[in-house]
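Asker: So the protein sequences, as listed, match chains U and A.
Every letter in the first sequence is one number past the one before it in the working numbering, and letter 57, counting from 1, is 61.
Every letter in the second sequence is one number past the one before it in the working numbering, and letter 94, counting from 1, is 105.
Even glycine gets a Cβ: it sits at the ideal position worked out from N, Cα and C.
Keep in mind it's a predicted model, so treat the numbers as computed, not measured.
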Amino acid sequence: QKEVEQNSGPLSVPEGAIASLNCTYSDRGSQSFFWYRQYSGKSPELIMFIYSNGDKEDGRFTAQLNKASQYVSLLIRDSQPSDSATYLCAVVLSGGYNKLIFGAGTRLAVHP
Amino acid sequence: DGGITQSPKYLFRKEGQNVTLSCEQNLNHDAMYWYRQDPGQGLRLIYYSQIVNDFQKGDIAEGYSVSREKKESFPLTVTSAQKNPTAFYLCASKRGGVTEAFFGQGTRLTVV
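1) Where DSSP assigns a beta bridge to A/K68, which residues make up the other side?
2) Less than 6 Å between C-beta atoms, sequence neighbours within five positions excluded: which residues of the same chain meet that for U/Y75?
3) Please name the residue, chosen from A/Q48, A/G108, A/Q17, A/I62, that lies closest to A/T31 on a Cα-to-Cα basis.
4) Under 9 Å between beta-carbons, which chain A residues line up against U/F65? List them in chain order, please.
5) Using three-state DSSP, classify A/P96 as helix, strand or coil.
6) Does the Cβ of A/Y129 have 16 or more other Cβ atoms within 10 Å, making it buried, or fewer, making it exposed?
7) If you draw a straight line from the alpha carbon of U/A72 to that of A/P50, how long is it in whole angstroms?
8) From U/L92 to A/S91, what distance separates their C-alpha atoms?
9) Once the 5 residues before and after U/P14 are set aside, which same chain residues still bring their CB inside 6 Å of it?
10) Counting only C-beta atoms, is A/L54 closer than 7 Å to chain U at any point?
11) Only counting runs of 3 or more residues, tell me where the beta strand (DSSP E) segments fall wholly within the segment 29-55 of chain A, in order along the chain.
12) Looking at U/C93 and the ligand COA, is the gap between the Cβ and the nearest heavy atom below 6 Å?
13) Going along chain A, which residues have a C-beta under 8 Å from U/Q35?
14) Can you find a CB in chain A that lies within less than 7 Å of the CB of U/A21?
15) Counting only Cβ pairs nearer than 8 Å, list the residues of chain C close to U/K103.
16) Mapping the DSSP letters down to three states, classify U/S86 as helix, strand or coil.
17) Let me know the secondary structure DSSP gives A/A103 once reduced to three states.
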């Protein structure tokens, strides 16, 4: 089992819709969870950081964390063509060394 | 301006050469990371360091070496033992504890 798993996509949504991106992780002791957006050829950009169970909202983005189910998701409301990118889920593993591991990423395509 | 600086942006290596990629941060972050990204793939962890003079192997450390002599600097050497080094290399850093991690702009290494 991979430490961080994401569907590779592509996930295709129409402009204005809600895009839902999912991520599961295997280390039950993990405490920190991240969503990054990466445009082709560029470095990842942090869009959400969550560490408490429940929802965290920032503008059009909502991260949802469920530690019991080992599941973290990202919702993008009112999707725009500029949101078309790869979304990377990342987790800091337990064990005390701040090991930060990434999923393979989900490619999102928002079409007009 | 605070941030993470990677240099050079593009690097060309001849077969059998060692090359060193630079990563410097002025954010006073404790932890630093090196990742490799191949086209269409996620980020794979090469090495990471939580404190000065200490570092751990990631998932794909073979053919790479690092040092952490200063808190601000975490250079990565791609040795001749790395048989397929052409990739996009990304450096990241974060403070200790439950905090965000940020990336530099990346170095694109090509073997010629």
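Answerer: Considering the structure as presented:
1) Residue pairing from DSSP places A/K68 in a beta bridge opposite A/Y58.
2) Sequence-distant Cβ neighbours of U/Y75 in its own chain, meaning closer than 6 Å and more than five residues away, are T28.
3) For A/T31, the closest alpha carbon among the candidates A/Q48, A/G108, A/Q17, A/I62 is that of A/Q17.
4) None at all; the shortest Cβ gap to chain A is about 14 Å.
5) coil
6) Since the first residue shown for chain A is 12 and the last is 123, residue 129 of chain A is missing from the structure and cannot be characterised.
7) 34 Å
8) 30 Å
9) R111, A113
10) yes
11) 30-36, 42-48
12) As for the ligand COA, it is missing from this structure, which has no ligand bound.
13) Per Cβ cutoff of 8 Å: V109.
14) Not one chain A Cβ lies under 7 Å of U/A21.
15) Considering every chain present, this structure includes no chain C. Its protein chains are U and A.
16) helix
17) When secondary structure is reduced to three states using DSSP, A/A103 falls in the strand class.
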